[in-house]
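Here my numbering is used: the first residue of the sequence shown is 14, the next is one more, and so on. Every residue, glycine too, gets a C-beta built ideally from N, C-alpha and C. Note that this is a predicted model, so its numbers are computed, not measured. Shown next, in structure tokens, is the structure this report addresses.
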Amino acid sequence: MKPEPRRIALVDANSFYCSCERVFRPDLEHTPLVVLSNNDGCVVARDALVKRLGVQMGVPWFQLKEQAERQGIVCFSSNYTLYGDLSRRFMSVLGHYVPAEDQEVYSIDESFLDFTHQPQLDLTTTGQAIKERVRRWTGLPVCVGFGASKTLAKLANHVAKKQAPWGGVCDLTALTEAERRGVMKGIEVREVWGVGRQIAKQLMLRGVNTVADLAACDPNRIRERFGVVVERTVNELRGISCIDFEMAPPAKQQIIASRSFGGPLYTIADLAEPLRLHMGRAAEKLRHQQSTAGVVGVWIQTNQFRPQDPQYWPTRTIKMTEHSDDTAMLTAWAMSVLRSIHRPGYRYIKLGVMLMDLRPRALHQGSLFDATPPELDARREKLMGVLDKANGKWGRGSMGIGSAGVKADRAWTMQRGNLSPCYTTRWNELRTVS
């Protein structure tokens, strides 16, 4: 007996970073917006108005600044605290429509929902209801696409977003085969989820120019030439669901924390503070996925865009005597690496830390010759739990080891000259109504 086709939705927030900024600035509803990268370096998010003005993703802000003033483009520095909180609220709203096992948070602004077990629902009506509720409860505009597979849901969302007659909701499952093929003929193959730029070029050289062309390919021949991933994509485009939902993201094999400084640093004492802060963040991620690390790495680098300066980009890793998830222990090892690679006389503009050789915490074994007393180990574990809970409640970096410095005194932190308030997470920055 042939199984019932799946009914999968992809809900995607439109121009997410820009939309988050506009939620609390309704006066900017019809004003073109961009959001800048760390240190206000380049454009990382554009709204539809800016795209129409021809502004490209990744353009440096210093090149765009004059045009922005001339055309009334407003820029914001990246406010990750605000974006993260609105993302959690967005995903929570979507959770009202399906059980937890039928929702996959795919990214900060995208989520898959599986309506296969709710055959009584009209999907277009449901999509419009999702749009309205998300807008009303969070202020975020979204588009919704439905398909018989994840790839088709992605494609439907693309159609909903790019083609105005759909009204922001496209249900490919409601179309006939001929109608679906007609939709696919109007979309270039490079827009397909899972088809990268290089593969798209190779496909187009073979006459596969549209999504319809790719869906019509022989899966076996595609596998011979491009591998199993593209074969799976072809089957997904044919309505054969091959990609399962992920209830939780797989544990990372390595964890990296890094960021450019707001200005150059020179000495070990200067670099120690950002190192300890970055290691605190990396250790928090490590504990969140219930892992321990056996190898610590550190790198520092000078500014490659200042050729007049001497250049130095050292990296080094070290294997610890035992696996750990303790911020203080990981930081101590990282500091020993920093001391070994630092050279005086250089203008350092970036530092990063790495945690590798990750293992599940349940498999943790202490060193036979350097074992920590069980009672002390338990106290340290409890302390790390308090640290993570405090940072979860009051914001990342609110609490850490003392040597990470006081937040207000960090002169090296990245420049964010156009940072909006954290409206939803800080009492003293709540939006006021007059």
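What residues in its chain sit with their C-beta under 8 angstroms from that of Val-243, if we drop five residues either side in the sequence?
The residue given as residue 243 occupies position 230 in the sequence shown. Gly-207, Val-208, Ile-212, Ile-235 and Arg-236.
Residues sharing a beta bridge with Lys-332, DSSP:
Numbered from its first residue, the sequence shown carries residue 332 at position 319. Answer is Val-308.
Can you tell me whether Phe-29 is buried or exposed? The criterion is at least 16 other CB atoms within 10 Å of its CB, across all chains shown.
If you number the sequence shown from 1, residue 29 lands on position 16. By the neighbour-count rule (16 or more Cβ atoms within 10 Å), Phe-29 is buried.
Tell me, to the nearest whole angstrom, how far the beta carbon of Val-155 is from that of Ala-26; I am working on the premise that it is less than 8 angstroms.
As a first step, residue 155 is located in the sequence shown; it is residue number 142 there, counting from the start. As a first step, residue 26 is located in the sequence shown; it is residue number 13 there, counting from the start. 5 angstroms between Cβ atoms; contact.
In this structure, does DSSP put Gly-293 in helix, strand or coil?
Start at 1 with the first residue of the sequence shown, and residue 293 comes out as number 280. DSSP places Gly-293 in helix when its eight states are reduced to three.
Reference Gly-358, options Leu-278, Val-68, Glu-190 and Pro-39, closest by Cα:
Looking up residue 358 in the sequence shown gives position 345. Taking only the C-alpha atoms, the option nearest Gly-358 is Leu-278.
Just verifying my parser: in three-state terms, what is the DSSP assignment at Glu-17?
Within the sequence shown, the letter at position 4 stands for residue 17. Residue state, collapsed to three classes: coil.
Which whole runs of the alpha helix (DSSP H) in the stretch 67-138 are 4 residues long or more, in chain order?
74-84 and 93-107
What residues are listed by DSSP as bridge partners for Gln-324?
Taking the sequence shown and counting its residues from 1, one reaches residue 324 at position 311. None; Gln-324 has no bridge partner.
Supposed contact pair Gly-252 and Leu-188 - C-beta distance, whole angstroms, cut 8 angstroms:
Within the sequence shown, residue 188 is the residue found at index 175, counting from 1. Within the sequence shown, residue 252 is the residue found at index 239, counting from 1. The pair is not a contact, with the Cβ atoms about 11 angstroms apart (cut-off 8 angstroms).
Residues near Asn-431 by beta carbon distance below 6 angstroms, same chain, minus five either side
Counting from 1 along the sequence shown, the entry for residue 431 is found at position 418. Around Asn-431: Cys-88, Phe-89 and Ser-90.
Give the range of the beta strand (DSSP E) segment to which Asp-184 is assigned.
By one-based count along the sequence shown, residue 184 stands at place 171. Taken as a continuous stretch (DSSP letters only), the beta strand (DSSP E) holding Asp-184 covers 182-184.
Measuring only the C-alpha atoms, how far is Pro-132 from Thr-138?
Your numbering for residue 132 matches position 119 in the sequence shown. Your numbering for residue 138 matches position 125 in the sequence shown. If I take the Cα positions, the gap works out to 13 angstroms.
Local conformation of Tyr-361 per DSSP, three classes:
Counting from one through the sequence shown, the residue named residue 361 turns up at place 348. Tyr-361: strand per DSSP, three-state reduction.
Segment contact, 8 angstroms Cβ cut-off, at least three pairs: the stretch 51-58 with the stretch 159-175
no
Which residues in the same chain have their Cβ closer than 7 angstroms to the Cβ of Lys-144, if we skip the five residues on either side of it in sequence?
Locating residue 144 in the sequence shown gives position 131, counting from the first residue. Closer than 7 angstroms at the Cβ level, and outside the excluded window around Lys-144, lie Val-155, Val-157, Gly-181 and Val-182.
Between the C-alpha atoms of Trp-346 and Glu-442, what's the straight-line distance to the nearest angstrom?
The residue labelled residue 346 in the question sits at position 333 within the sequence shown. The residue labelled residue 442 in the question sits at position 429 within the sequence shown. The alpha-carbon atoms of Trp-346 and Glu-442 are separated by roughly 38 angstroms.
For Ile-313, which beta-bridge partners are listed by DSSP?
Residue 313 sits at position 300 when you count from the first residue of the sequence shown. DSSP, once it has assigned bridges, lists Leu-364 as partnering Ile-313.
Count the other C-beta atoms from every protein chain shown that fall within 10 angstroms of the C-beta of Leu-400, then say buried if there are 16 or more, exposed otherwise.
Taking the sequence shown and counting its residues from 1, one reaches residue 400 at position 387. Classification of Leu-400: buried, given that the 10 Å Cβ count is 16 or more.
Out of Arg-444, Ala-341, Thr-280 and Ala-282, which has the shortest C-alpha to C-alpha gap to Val-309?
As a working mapping, residue 309 is identified with position 296 in the sequence shown. Ranking the options by Cα distance to Val-309, first place goes to Ala-341.
Over the uninterrupted beta strand (DSSP E) stretch that includes Pro-277, give me the two end residues.
Translated into the one-based positions of the sequence shown, residue 277 becomes position 264. Taken as a continuous stretch (DSSP letters only), the beta strand (DSSP E) holding Pro-277 covers 268-278.
Decide if Glu-297 is buried, meaning its Cβ has at least 16 other Cβ atoms within 10 Å, or exposed.
Along the sequence shown, one-based indexing puts residue 297 at 284. Counting Cβ neighbours within 10 Å, Glu-297 comes out buried, since at least 16 surround it.
Pairwise C-alpha distance: Leu-396 and Tyr-325
Residue 325 sits at position 312 when you count from the first residue of the sequence shown. Residue 396 sits at position 383 when you count from the first residue of the sequence shown. Approximately 37 angstroms, taken between the alpha carbons.
From the DSSP output, in three-state form, read off Cys-435 for me.
Mapped onto the sequence shown, residue 435 falls at position 422. It is coil, neither helix nor strand.
Coil, strand or helix - Ser-29 by DSSP:
Position 16 of the sequence shown holds residue 29. Going by the sequence as given, residue 29 is Phe instead of Ser. Helix at Phe-29.
Look up Ser-337 in the DSSP assignment and say whether it is helix, strand or coil.
Here the question's residue 337 lines up with position 324 in the sequence shown. Ser-337: strand per DSSP, three-state reduction.
Excluding sequence positions up to five away, which residues of its chain have a Cβ less than 7 angstroms from the Cβ of Arg-393?
Along the sequence shown, one-based indexing puts residue 393 at 380. Closer than 7 angstroms at the Cβ level, and outside the excluded window around Arg-393, lie Asp-339.
Boundaries of the alpha helix (DSSP H) in which Gly-195 is found, first to last residue:
By one-based count along the sequence shown, residue 195 stands at place 182. Its alpha helix (DSSP H) spans residues 190-198.
What three-state label does DSSP hand Pro-373 in the structure shown?
The count along the sequence shown starts at 1 and reaches residue 373 at position 360. It is a strand residue.
Could you say which of Pro-39, Tyr-119, Gly-54 and Arg-294 lies nearest to Pro-263 if we only look at CA atoms?
In the sequence shown, counting from the first residue as 1, residue 263 sits at position 250. When each option's Cα is compared against that of Pro-263, the closest is Tyr-119.
Hey, how far is the Cα of Leu-227 from the Cα of Phe-128?
One-based indexing of the sequence shown puts residue 227 at position 214. One-based indexing of the sequence shown puts residue 128 at position 115. Between Leu-227 and Phe-128, the C-alpha separation is close to 26 angstroms.
Please name the residue in Asn-51, Glu-42, Pro-18 and Phe-75 whose C-alpha comes closest to that of Phe-274.
Locating residue 274 in the sequence shown gives position 261, counting from the first residue. Closest option to Phe-274, Cα to Cα, is Asn-51.
Same chain, Cβ closer than 6 angstroms to Ile-121, five either side skipped, listed in chain order
Within the sequence shown, the letter at position 108 stands for residue 121. So the list reads Ser-100, once near-sequence residues are dropped.
The beta strand (DSSP E) spanning Leu-216 covers which residue range?
In the sequence shown, counting from the first residue as 1, residue 216 sits at position 203. Counting along the chain, Leu-216 falls outside any beta strand (DSSP E), though it belongs to the alpha helix (DSSP H) covering 210-218.
Start and end of the beta strand (DSSP E) containing Phe-159?
Numbered from 1 along the sequence shown, position 146 holds the residue referred to as residue 159. First-last of the beta strand (DSSP E) with Phe-159: 155-160.
Could you name the residues of the same chain whose beta carbon sits closer than 6 angstroms to that of Lys-174, not counting the 5 residues immediately before and after it, in chain order?
On the sequence shown, position 161 is the one that residue 174 refers to. Cys-156.
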